[in-house]
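Sequence positions in the sequence shown follow the UniProt record's numbering and run 1 to 527. Cβ atoms here follow ideal geometry from the backbone N, Cα and C, with glycine treated the same way.
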Amino acid sequence: MENNTDKLSSLPELLCLFIISLLPFKDAVRTCILSKYWLHIWKNSPKIEFSENFDGNFIGRFEPFSSIKARRSVFMKFLKLWLDFRKEGDVEKFSLKFSKPKNDHREIIEGCIAFVTQHGVKELELDFSDPFWEEEVIPNKREALFELPKLAYENKPNIESLKLSSCSFRENDLSNWQALKEVTFGWMEVTLDAMTIVLSNCKMIESLVLNKCWNLSHFEIGSEALSLKRLVVDKCSFRNALFKVSAPNLCFFKYFGKLCFFEMKNTLAIEEAHLHFYLGYDNVGTGARVLYDLVKDLYNARVLTVCPYLIQVICTGEKIRMERDMNARHLILRMNMLRCELRAVSFFLLSCPMLECLTFELGSEIILPDYQAMWIDSDEEQDDLPLWIDSDEDQDDQAMWMDNDFQNYDDDDEYNIDDEDNIYDDYCTDFINMVDNQIKGMKNVINYNCLESSLKLVEVKDFVGSKNGLVFLCYLIRYGKVLKNVSINVLKTELEGSSNVAFYSAIEEYLMTTPRASSDLQISMCY
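Right, dumping it as C-alpha cells:
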C-alpha cells in the first residue's frame with residue numbers, strides 16, 4: 001500500500017519554526033499553502049519584511065489614484081491583522097517599505113514601531129521613499145515624508161542595524177541607541193552636526209551609509225576611538241566641496257558623487273575602495289591633482305574600482321604612476337577602451353606590481369569623450385604618457401572601429417544577400433588584419449611587474465569588439481607570464497543577427513591562436 005502520510009505536517013513545531021527562520025519573509029508566508037498545520041506557522045517568523053509591493057506588482061507611475069488607494073487599503077488591513085495576531089516572541093528583523101505615506105496611515109505605522117520596541121528587534125528598516133526617485137541622475141533635495149515618533153526612542157531599544165529612508169529622526173534622542181552597529185540614512189536632510197552627534201555617542205557603529213542625503217555643509221568624520229569599518233556615500237549634496245575622513249579601522253569605502261577636495265587620513269586598514277564621480281557645475285578645477293592625492297591616500301586597498309572620469313583625468317597631471325607601489329590585488333576599471341583611457345591603464349599597471357586580477361567593465365558612460373587636458377600646471381602641452389605599446393602610427397582612430405554600417409564597403413547602392421555576406425566577410429577579415437598588423441608593429445613594449453609575476457586573471461565585461469580592446473587583450477596574452485584565465489563576455493545587444501555572431505567567432509578564433517606567454521592560460525569567450 002502507498003504511504004500517504006503528510007510528512008511535512010508531522011514535523012515538530014520547533015523544527016518548522018527553525019525552517020521558517022531561514023527563509024525570506026515572502027517565502028515564509030508562502031508556506032501557509034502547504035497544509036493546515038502550516039497555515040499560521042509563518043506568522044512566527046523572526047524576520048518580518050512588509051512591502052506595499054508584497055504581491056510583486058509594483059505601483060505604476062501612471063496608475064489611477066483609485067487603484068493605488070484600493071491596493072494600499074488591502075495592504076494596511078493585512079498589516080493590522082498581522083500586528084493583532086503577533087503578540088509574543090522575539091523578532092530579529094522588522095522592515096516596512098511604504099512609499100509616500102499619508103496622515104491616515106500614521107496610526108498603523110506607529111503601531112509597527114511600537115511592535116519593534118516591544119519585541120527586541122535588532123534590525124529595523126523604514127523606507128517611505130518613492131521608488132521612482134531612483135531614476136534621477138542627480139537627486140533632488142527632498143524633505144523626509146515621515147518622522148520617527150517619540151515612542152521609538154523609549155526604553156533604549158536593542159537595535160543594532162537601522163535603515164531610514166525619507167524618515168527623519170532626532171539626533172539627540174537617537175544617540176541613546178547604544179547598541180547601533182550599522183546605520184543607513186537615505187533621501188532626507190542630514191546635517192553635519194547630526195552625523196557627528198550620532199557617531200560620537202553611538203560608539204559601536206561600524207557601518208555608515210548615506211544615500212541621496214543633503215544639507216551637509218561638508219563631510220567630516222574622524223576620531224581615534226571611531227569604530228567605523230564601512231563607509232558609503234552615494235550621491236549626497238554638500239554645500240562645500242570638502243570630504244575629510246580619519247578612520248583607523250576603515251576597511252570598505254565607496255564614494256559616488258561630485259568631485260571634492262579629499263582628505264583621507266589614517267586609513268591604513270582599508271581593504272576595498274570604489275570611486276565613481278560625475279560632473280557638475282561646481283567641480284573642482286584641479287581634478288588631476290585631487291584624484292591623484294585621493295588614490296595615494298587609498299594605496300593600501302586590495303580591491304580598487306575606478307570610474308571613467310577618474311581614468312580620463314588622473315593622467316592629465318605630471319605623474320606617469322603613483323609615487324609608491326599600491327597594494328591592489330584586484331583592479332576594476334570602468335571604461336570604454338578609448339585612446340585617452342589607455343594612458344590610465346598603463347598608469348595603474350605600473351602602480352600595482354602585485355596585481356592578481358584585472359577587470360574591465362566596458363560600456364560605462366563616457367563622461368569626457370576624447371578628453372583633452374583641462375587642468376595642467378603650465379601653458380605648454382604635456383608630453384604623451386607611456387602606453388602599453390609605443391608605435392609610430394597615429395592610433396587616435398582606435399576608439400571604435402566596428403560600427404556596423406559598412407561605410408567602407410558600399411561599392412553599389414543595391415546588392416543581394418550573398419553580396420552582403422561577402423561584404424561582411426571582408427569586413428571581419430580587414431578588422432582582424434588591422435589588429436594583427438598593429439600587434440606585429442609593437443615596439444618599445446613596457447614591462448609591467450604584475451605581468452611578469454602576479455597577474456593571473458583578466459575579466460572583460462560587455463566587450464563590444466573595439467580595436468583597442470582586442471589589441472590590448474592580445475598584449476596581455478602575449479606578455480602575461482603567469483596568466484591562468486582570460487574571460488570575455490560580449491555585450492548582449494551586440495549579438496543580434498548572425499553576422500555579429502560570426503564577427504565575434506572570428507575574434508575568438510584569433511585570440512585562441514595568439515601566442516601565449518603562459519602555458520597554463522585558459523581563454524573563454526561568451527557570446
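Where residue i sits in the DSSP three-state scheme
i, result
"Gln178", "coil"
"Asn489", "strand"
"Glu494", "helix"
"Thr514", "coil"
"Arg142", "coil"
"Met525", "strand"
"Leu14", "helix"
"Leu23", "coil"
"Asp462", "strand"
"Lys254", "strand"
"His40", "coil"
"Val198", "helix"
"Arg334", "strand"
"Trp187", "coil"
"Asn437", "helix"
"Phe503", "helix"
"Glu509", "helix"
"Leu124", "strand"
"Lys93", "strand"
"His274", "strand"
"Gln382", "Confidence at Gln382 is low in this model, with a pLDDT of 36, below 50, so its placement is unreliable and the value that follows should be read with caution. DSSP places Gln382 in coil when its eight states are reduced to three."
"Val232", "strand"
"Leu368", "Legend: pLDDT at Leu368 = 49, less than 50; position of this residue unreliable, value from coordinates given subsequently. In this structure, Leu368 counts as coil in the three-state DSSP scheme."
"Leu8", "helix"
Residue i, enclosing alpha helix (DSSP H) - first and last residue
i, result
"Arg339", "339-351"
"Met326", "Segment: none, Met326 is in no alpha helix (DSSP H) and carries neither H nor E."
"Ala301", "Taken as a continuous stretch (DSSP letters only), Ala301 belongs to no alpha helix (DSSP H), as it is neither H nor E."
"Glu452", "449-453"
"Asn211", "Not the alpha helix (DSSP H): Asn211 falls in the beta strand (DSSP E), residues 207-211."
"Ala70", "65-85"
"Phe472", "467-479"
"Ala114", "106-118"
"Ile311", "308-313"
C-beta atoms of residue i and residue j nearer than 8 Å
i, j, result
"Glu508", "Val464", "no"
"His119", "Val91", "yes"
"Ser227", "Ile197", "no"
"Leu294", "Thr267", "no"
"Ser165", "Ser129", "yes"
"Ile439", "Val471", "yes"
"Lys229", "Phe256", "no"
"Cys352", "Cys450", "yes"
"Phe146", "Ile109", "yes"
"Pro157", "Thr117", "yes"
"Lys456", "Val482", "yes"
"Val501", "Tyr527", "yes"
"Glu49", "Phe98", "no"
"Leu39", "Cys32", "yes"
"Leu180", "Ile205", "yes"
"Phe169", "Leu199", "no"
"Lys163", "Glu134", "no"
"Leu192", "Ser217", "yes"
"Leu350", "Arg321", "yes"
"Ala273", "Leu298", "yes"
Span of the beta strand (DSSP E), counted from its first residue to its last, around residue i
i, result
"Asn266", "Run containing Asn266: none; DSSP gives neither H nor E here."
"Cys357", "357-362"
"Ser165", "161-165"
"Ala225", "Here Ala225 belongs to no beta strand (DSSP E), and DSSP marks it neither H nor E."
"Ile48", "47-51"
"Asp297", "Premise fails: Asp297 lies in the alpha helix (DSSP H), 287-297, not in any beta strand (DSSP E)."
"Val245", "242-246"
Residues near residue i by beta carbon distance below 7 Å, same chain, minus five either side
i, result
"Ala288", "Val313, Ile314, Thr316, Gly317, Trp375"
"Asp403", "At Asp403, the pLDDT of 32 sits below 50, so the modelled position is not reliable and the matter cannot be decided from this model."
"Leu15", "none"
"Leu291", "Leu310, Val313, Ile314"
"Met512", "Ile523"
Chain-order list of residues whose beta-carbon lies under 8 Å from that of residue i (same chain, five-residue window excluded)
i, result
"Asn211", "Ser165, Thr184, Phe185, Gly186, Trp187, Val232, Asp234, Lys235, Cys236"
"Glu414", "A caution first: Glu414 carries a pLDDT of 40, below 50, which makes its placement in the model too unreliable to give a value."
"Leu521", "Ile477, Gly480, Leu483, Lys484, Asn485, Val486"
Contact set for residue i: own chain, Cβ-Cβ below 6 Å, skip 5 residues either direction
i, result
"Val190", "Cys213"
"Met525", "Ile488, Glu508"
"Tyr278", "none"
"Tyr510", "Ile432"
"Phe360", "Leu333, Val460"
Is it a yes or a no for the segment 29-44 touching the segment 76-92, going by three-plus beta-carbon pairs under 8 Å? yes
Quick one: any contact between the segment 317-337 and the segment 296-309, if contact means 3 or more CB pairs under 8 Å? yes
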